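Notes follow the structure.
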Amino acid sequence: MSDLESVFCRTALWRSFARRFVVPRVLSDAEGHEVLEIGCGSGAMAAEVLRARPGITRYVATDVDPAMVELARRQLAGFTDRAEAQVVDASGLPFADGTFDTVCSWLMLHHTITWERVLADAVRVLRPGGRLVGYDLPDSRRSRLIHRLTRSTVRMISAEDLVAELTRLGLRDVAVKPLGIAGAYRFTATR
């Protein structure tokens with residue numbers, strides 16, 4: 014994540030965007046009581062999900078960046094009975110197989126050069142019948158330009174490549190659809 018993106022993830026504008034536009038479009042696909050978020054950034058999405066879904070009993074927000082995890086811990090301070098934030102590399106999740114009902118990824122996969130490995134590990138920690146949900150930016154000229162300008166290390170993922178990988182991993186009900194915001198797409202799949 015670039016410095017500019019890191020700053021943006023801390024703003025009221027991002028929290029408002031998450032609350033008003035993203036959460037309503039993707040939350041309908043998040044099911045269950047135990048949720049893992051990979052690449053939680055500032056924790057803004059985690060806090061919005063927890064507000065919108067009081068039935069979630071355990072939400073584990075993870076990020077590889079210790080500074081972002083510290084911000085996430087502050088965001089989740091009001092949810093300490095059911096949420097935690099941990100420094101974790103998403104390509105090597107420290108959780109047992111079949112731990113979570115839902116694994117979420119909000120605008121994170123394109124920041125991961127080894128996104129196939131990240132998805133494989135996310136699937137590993139999903140319970141049978143569990144859902145993988147999220148959204149990301151497409152492999153488009155605009156997305157590549159934005160990340161080039163912010164000097165981010167990225168590997169953009171086309172919707173077709175994402176569908177192919179989720180299918181290869183043995184998931185069913187794989188869907189990738191336009192989110193309707195800035196060219197982003199949402200994805201869902203069931204283990």
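Numbering (this note's numbering), first residue to last: 14 to 204.
A virtual CB, placed ideally from N, CA and C, is assigned to each residue, including glycine.
These numbers were taken from a predicted model, which means no experiment stands behind them.
Whole angstroms are fine: how far does the CA of F108 sit from the CA of A98?
Against the sequence shown, residue 98 aligns to sequence position 85. Against the sequence shown, residue 108 aligns to sequence position 95. Between A98 and F108, the C-alpha separation is close to 14 Å.
Given this structure, state the Cα-to-Cα distance separating L150 from L84, to the nearest angstrom.
Position 137 of the sequence shown, counted from the first residue, corresponds to residue 150. Position 71 of the sequence shown, counted from the first residue, corresponds to residue 84. Each residue's alpha carbon lies about 23 Å from the other.
Quick one: residues in its chain with C-beta nearer than 6 Å to the C-beta of R137, no 5 flanking neighbours on either side, listed in chain order?
Position 124 of the sequence shown holds residue 137. Around R137: D110.
Buried or exposed for K190, going by 16 or more other Cβ atoms inside 10 Å?
Translated into the one-based positions of the sequence shown, residue 190 becomes position 177. Classification of K190: exposed, given that the 10 Å Cβ count is below 16.
Which value, in whole angstroms, describes the spacing of the CA atoms of A133 and G196?
The sequence position of residue 133 within the sequence shown is 120, counting from 1. The sequence position of residue 196 within the sequence shown is 183, counting from 1. A133 and G196: Cα-Cα distance of roughly 25 Å.
Return the first residue and the last residue of the beta strand (DSSP E) that R185 is part of.
Translated into positions along the sequence shown, residue 185 becomes position 172. Where R185 is concerned, the enclosing beta strand (DSSP E) stretches over R185 to P191.
Which residues mark the beginning and the end of the alpha helix (DSSP H) in which V136 is found?
Position 123 of the sequence shown, counting from 1, holds the residue named residue 136. Looking at the DSSP string, the run of the alpha helix (DSSP H) that includes V136 is W128 to V138.
Would S104 and T70 qualify as a contact pair, given that the criterion is a beta-carbon distance under 8 Å?
Against the sequence shown, residue 104 aligns to sequence position 91. Against the sequence shown, residue 70 aligns to sequence position 57. Their beta carbons are not under 8 Å apart, which means S104 does not touch T70 by this criterion.
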